[in-house]
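*Asks:* The structure is given below, and queries will be raised subsequently.
There are 2 protein chains.
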Amino acid sequence: MKDSYHHGNLRNALIEAGLKIINESGEDALSLRKVAAACGVSHAAPYAHFADKESLIEAIKKKVTDDFTEELERSVHAPGVTNSVEAILSMGEAYIMFFRNKPDYFNFLFNKQKIQVHTDMTKEYEDDYPPFLLFRNLIKKFFEENHVELPADQQEIMLLKTWSAVQGLSSIASMEGVEVKTPWEVLARECIKGGE
Amino acid sequence: MKDSYHHGNLRNALIEAGLKIINESGEDALSLRKVAAACGVSHAAPYAHFADKESLIEAIKKKVTDDFTEELERSVHAPGVTNSVEAILSMGEAYIMFFRNKPDYFNFLFNKQKIQVHTDMTKEYEDDYPPFLLFRNLIKKFFEENHVELPADQQEIMLLKTWSAVQGLSSIASMEGVEVKTPWEVLARECIKGGE
DNA sequence: TGATAAACTTTACACTGTCAAGATTCATTT
DNA sequence: AAATGAATCTTGACAGTGTAAAGTTTATCA
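Here the protein sequences line up with chains A and B, keeping their order. The end of the first sequence is residue 1191 by my numbering, with every number in the run present. The end of the second sequence is residue 1191 by my numbering, with every number in the run present.
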């Protein structure tokens, strides 16, 4: 992979190596020099691809967010998901289980991350935070399927009711020291219920 | 405050100075040497009071958590809080507004913090995470006031339903780039409703 | 082929956490 | 009151860090 002066794919290699370090030793253990060394490259080489350490971390966050988003998308195509209510429950469960399985990702993803979100359901906002966009579209679909006509502020409340339940249980599920009797999959669905 | 070789109250001064730096410049800007300098003390002096940087940060976290807990306790004594439902709503609102007013505290408090929590309502767990304890006791009070007799797993679900709504809206309220039309105080109450 | 840009290395510097050894003060006992 | 040991603080050192500057190698393209 490193047979010449030029690495060839250093940018991606740095992201990959960085993610590996974070997975194995936590975000604190991430240093530009270690990442560079892991790619067999000098300690200043990353600066050809990233302005600073923060930029590399942001790129890693983007990759994790992409994986996360893909997992959410897959969840609505699971067997048994035939209507929008089940889709919301299935995606909410996937959301929560993602962070239950990778507890450190919760803070890693949401810390210092500017997350653009619009709760207005009448327009399209392509640049909004993708996981949120998926939820927003599902709620919208739910309204359409069930011919629900609510005033804008009630729609906003319903949207945030669902998202906060999911976000909150994810936060709790990612905490060390929290032991619950009920399986997280069941808790997920129970906590989301009531909004719709 | 520093008129002799011995500082006299260095431990608290370090915590205070550290918190000030975090409030003004963020957690990343916190360094032991800066904290020491702010207290007019040599760079290695903190090691007489804290094992390492992490220990100081933990002490700062404890202080912020104590303030947070006090604010929650105050909220249930607000005028208009006459029953347990209103108490839950009032405390939930206070919880969320705390993080809305100090967005950076959300990640600061919950990141890498081992938070002990028991959802079993039949026993007392004094060492549990204090803000959670307050919630648990309010839910318990609600059951007693309304003579609700639910099986243990249903009680657990109700508890986590409430806490996840509060925790989730706090997480969302602490995000940069999230703009909502409804006031957060209203959202708070709306999101908590439905559990009880 | 030659010029220009991109990718990478080397060197350097300031800042960081932490350790070890020493200096000063406090507290307690005698 | 004097002495002794513990607590507190200083000084000096070291390895690891992010990052800037200047130089070297390779790729690209006219």
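Where is the CB? At the ideal position from N, CA and C, for every residue including glycine. Note that the structure is a prediction, hence the values are computed from the model and not measured.
Give the single residue among B/ASN1004, B/LEU1164, B/VAL1175, B/LEU1129 whose Cα lies nearest to the Cα of B/HIS1072.
*Replies:* Ranking the options by Cα distance to B/HIS1072, first place goes to B/LEU1129.
*Asks:* Give the residues of chain B in contact with A/GLY1087, contact being defined as C-beta atoms less than 7 Å apart.
*Replies:* The contacting residues do not exist; A/GLY1087 stays about 11 Å from chain B at best.
*Asks:* Of the residues that make up the segment 1046-1080 of chain A, which ones have a beta carbon closer than 7 Å to any beta carbon in chain B?
*Replies:* So nothing in the stretch comes that close.
*Asks:* Should B/LEU1145 be labelled buried (16 or more other beta-carbon atoms within 10 Å of its own) or exposed?
*Replies:* Label assigned to B/LEU1145: exposed.
*Asks:* May I have a chain-ordered list of the alpha helix (DSSP H) segments no shorter than 4 residues that lie completely inside the segment 1082-1114 of chain A?
*Replies:* DSSP runs (the alpha helix (DSSP H)) wholly in the segment 1082-1114 of chain A: 1098-1105.
*Asks:* Residues in the same chain with beta-carbon distance under 8 Å from A/LEU1154, minus the five sequence neighbours each way, listed in chain order, please.
*Replies:* Only THR1114, MET1116, PHE1130, ARG1131, ILE1134 meet the Cβ criterion.
*Asks:* By alpha-carbon positions, which one of A/GLU1049, A/MET1092, A/PRO1125, A/VAL1030 ends up nearest to A/SER1169?
*Replies:* Nearest of A/GLU1049, A/MET1092, A/PRO1125, A/VAL1030 to A/SER1169, Cα basis: A/MET1092.
*Asks:* Check for me: the alpha helix (DSSP H) holding B/GLU1151 runs from which residue to which?
*Replies:* Counting along the chain, the alpha helix (DSSP H) containing B/GLU1151 begins and ends at 1147-1168.
*Asks:* Please determine if the segment 1105-1113 of chain A and the segment 1168-1187 of chain B are in contact, where contact requires at least 3 C-beta pairs separated by less than 8 Å.
*Replies:* Yes: at least three Cβ pairs fall under 8 Å.
*Asks:* Okay, do the segment 1148-1164 of chain B and the segment 1181-1190 of chain B touch, 3+ Cβ pairs below 8 Å being the bar?
*Replies:* Contact holds: three or more Cβ-Cβ distances are below 8 Å.
*Asks:* Tell me the residue span of the alpha helix (DSSP H) that contains B/VAL1059.
*Replies:* Residues 1048-1070.
*Asks:* Give a yes or no on whether the C-beta atoms belonging to A/LYS1136 and A/SER1079 are separated by under 8 Å.
*Replies:* Contact: yes.
*Asks:* Can you tell me which of the three DSSP states A/GLY1035 falls into?
*Replies:* The answer is coil: DSSP assigns A/GLY1035 none of H, G, I, E or B.
*Asks:* Here's a check: name, in chain order, each residue in its chain whose Cβ is nearer than 7 Å to the Cβ of A/GLU1151, leaving out the five neighbours to either side.
*Replies:* Here the set comprises THR1114.
*Asks:* Once you ignore the five residues that flank A/GLU1139 on each side, which residues in its own chain have a CB closer than 6 Å to its CB?
*Replies:* Around A/GLU1139: no qualifying Cβ.
*Asks:* Within the continuous alpha helix (DSSP H) that includes A/GLY1172, where are the two ends?
*Replies:* Looking at the DSSP string, A/GLY1172 is not in any alpha helix (DSSP H); the run it does join, the beta strand (DSSP E), is 1171-1174.
*Asks:* If you draw a straight line from the alpha carbon of A/THR1177 to that of A/GLU1185, how long is it in whole angstroms?
*Replies:* Distance between the alpha carbons of A/THR1177 and A/GLU1185 is about 10 Å.
*Asks:* For B/LEU1155, verify whether its CB is less than 7 Å away from any heavy atom of the ligand SAH.
*Replies:* Of ligands this structure carries none, so the ligand SAH is not represented either.
*Asks:* Suppose contacts are defined by Cβ-Cβ distances below 8 Å. Is B/VAL1161 in contact with B/GLY1075 by that definition?
*Replies:* Contact: no.
*Asks:* Can you tell me the Cα-Cα spacing of A/THR1064 and A/LYS1057, whole angstroms?
*Replies:* Roughly 10 Å separates the two Cα atoms.
*Asks:* Just checking: is the beta-carbon of A/GLY1172 within a distance shorter than 8 Å of some beta-carbon in chain B?
*Replies:* Yes, A/GLY1172 counts as interfacial toward chain B.
*Asks:* Near B/TRP1179, which residues of its chain fall below 7 Å by C-beta distance, leaving aside the five closest residues on each side in sequence?
*Replies:* Only ILE1091, MET1092, ARG1095, ALA1168 meet the Cβ criterion.
*Asks:* Enumerate in chain order the residues of its own chain whose CB-to-CB distance from A/SER1166 is below 7 Å, with the five nearest sequence positions on each side excluded.
*Replies:* Result list for A/SER1166: PHE1101, in chain order.
*Asks:* Mark A/ASP998 as exposed unless 16 or more other C-beta atoms lie within 10 angstroms of its C-beta, in which case mark it buried.
*Replies:* Interpretation of A/ASP998 is limited by its pLDDT of 49, a score under 50 that renders its predicted location unreliable; the figure taken from the coordinates is listed afterwards. Under this definition A/ASP998 is an exposed residue.
*Asks:* Shortest alpha-carbon distance to B/ALA1147 belongs to which of B/TYR1124, B/PHE1127, B/ASP1122, B/LYS1118?
*Replies:* Nearest C-alpha to B/ALA1147: B/LYS1118.
*Asks:* Tell me which same chain residues have a C-beta within less than 8 Å of the C-beta of B/ARG1028, skipping the five on either side of it?
*Replies:* Cβ neighbours of B/ARG1028 beyond the five flanking positions: HIS1038.
*Asks:* Could you give the DSSP three-state label for A/ASN1078: helix, strand or coil?
*Replies:* A/ASN1078: coil per DSSP, three-state reduction.
*Asks:* Taking the alpha-carbon positions, what's the A/ALA1082 to B/ALA1043 distance?
*Replies:* Computed Cα separation, rounded: 56 Å.
*Asks:* If A/ILE1055 sits next to A/LEU1104, beta carbons under 8 Å apart, how far is it from one beta carbon to the other, in whole angstroms?
*Replies:* A/ILE1055 to A/LEU1104, Cβ: 10 Å. No contact.
*Asks:* From B/ASP1200 to A/HIS1001, what distance separates their C-alpha atoms?
*Replies:* As displayed, chain B neither begins before 996 nor continues past 1191, which places residue 1200 of chain B out of reach and without an answer.
*Asks:* For B/PHE1045 and B/ALA1032, what's the separation of their Cα atoms in angstroms?
*Replies:* So the two alpha carbons sit approximately 16 Å from each other.
*Asks:* Could you tell me which of A/ALA1183, A/VAL1030, A/ALA1024, A/GLU1019 sits nearest to A/ILE1010, measuring between CA atoms?
*Replies:* A/ILE1010 has its Cα closest to that of A/VAL1030, out of A/ALA1183, A/VAL1030, A/ALA1024, A/GLU1019.
*Asks:* Pick out whichever of A/ALA1089, A/LEU1164, A/SER1070, A/ASP1061 has its Cα sitting closest to the Cα of A/TYR1124.
*Replies:* A/TYR1124 has its Cα closest to that of A/ASP1061, out of A/ALA1089, A/LEU1164, A/SER1070, A/ASP1061.
*Asks:* Residues of chain A with a CB under 7 Å from the CB of B/SER1159: which are they?
*Replies:* Simply ALA1160, GLY1163, LEU1164, ILE1167, CYS1186.
*Asks:* Is A/ALA1012 helix, strand or coil when you go by DSSP?
*Replies:* The answer is helix: DSSP assigns A/ALA1012 an H, G or I state.
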